[in-house]
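Undergrad: Residues in the sequence shown are numbered consecutively from 28, following the working numbering.
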Amino acid sequence: MKTNMNFLPRMHRRDWLRSIQKLGFIALGSWFSPSLVFAKKEDADEAIKKITGGAMIKDGRVTLVIPPLVENGNLVVLTVSVDSPMTANDYVKVIHVVAEGNPYPNIFAAYLSPRSGTANITTRVRLADSQRVLAIVQMSDGSFWQGSAETFVTLSACTEMV
């Protein structure tokens with residue numbers, strides 16, 4: 028039995044390759060879309076909910092210092108200071124730093140104890156884009172406190188897909 032394939036339009040091999048190439052570029056463009064790489068505010072809010080378990084977060088006691096203008100997002104110096112006596116009855120248990128625009132919003136967590144002496148941390152982080160950075164602190168009594176800072180990043184980091 029012989030089938031008749033005349034109902035299909037004739038396409039030359041080069042035309043077919045060009046159409047496949049165009050589809051490939053469209054697929055790559057959607058794969059590397061910035062909206063897929065950078066986190067959204069909802070992702071940061073979800074990360075904060077996981078940290079706090081839905082508990083209320085108070086403003087104050089936490090100071091986050093970050094340069095307002097950063098040339099290179101690969102090395103951003105930030106300092107977190109918490110107003111705490113760091114005694115056996117009143118101390119900082121953990122400091123979480125969350126960046127709203129990074130692919131993974133949780134930048135780091137630092138665990139402290141009364142033996143830490145002070146609740147001051149200075150480190151370098153990578154920031155994907157201009158954004159708001161939050162420091163969320165859990166105290167020994169279970170309360171949560173926060174401080175935040177905004178920064179403008181001219182050369183982004185963290186843009187690779189994992």
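Glycine included, C-beta positions come from ideal geometry on N, C-alpha and C. Since we're looking at a predicted model, the values are computed, not measured.
1) Just the C-alpha distance for residue 188 and residue 80, rounded to the nearest angstrom, thanks.
2) According to DSSP, is residue 88 part of a helix, a strand, or is it coil?
3) Relative to the alpha-carbon of residue 160, which residue among 82, 145, 74 has its alpha-carbon at the smallest distance?
4) State the DSSP-derived secondary structure class of residue 153, mapped to helix, strand or coil.
5) Between the segment 124 to 135 and the segment 108 to 116, do at least 3 Cβ pairs fall closer than 8 Å?
6) Starting from residue 76, trace the alpha helix (DSSP H) both ways and give me its first and last residue.
7) So, with DSSP's three-state summary, where would you put residue 197?
8) In whole angstroms, what is the alpha-carbon distance linking residue 169 and residue 47?
9) How about the segment 133 to 145 and the segment 83 to 92: do they share at least three Cβ pairs that are nearer than 8 Å?
10) So, helix, strand or coil for residue 183, using DSSP?
11) For a minimum of 3 consecutive residues, which ranges assigned as the beta strand (DSSP E) are wholly contained in the segment 109 to 180?
12) When you compare each of 119, 77, 153 to residue 137 by their alpha carbons, which one comes out closest?
13) Who does residue 99 pair with in a DSSP beta bridge?
TA: Checking against the coordinates, here is how it stands:
1) Annotation note: pLDDT 46 at residue 188 (below 50); position unreliable, coordinate value reported separately. Each residue's alpha carbon lies about 28 Å from the other.
2) coil
3) 74
4) coil
5) no
6) 68 to 79
7) Examination of residue 197 is not possible in this model, given that the chain is present from 28 through 189 alone.
8) 58 Å
9) no
10) coil
11) 119 to 126, 133 to 138, 147 to 152, 158 to 166
12) 119
13) 182
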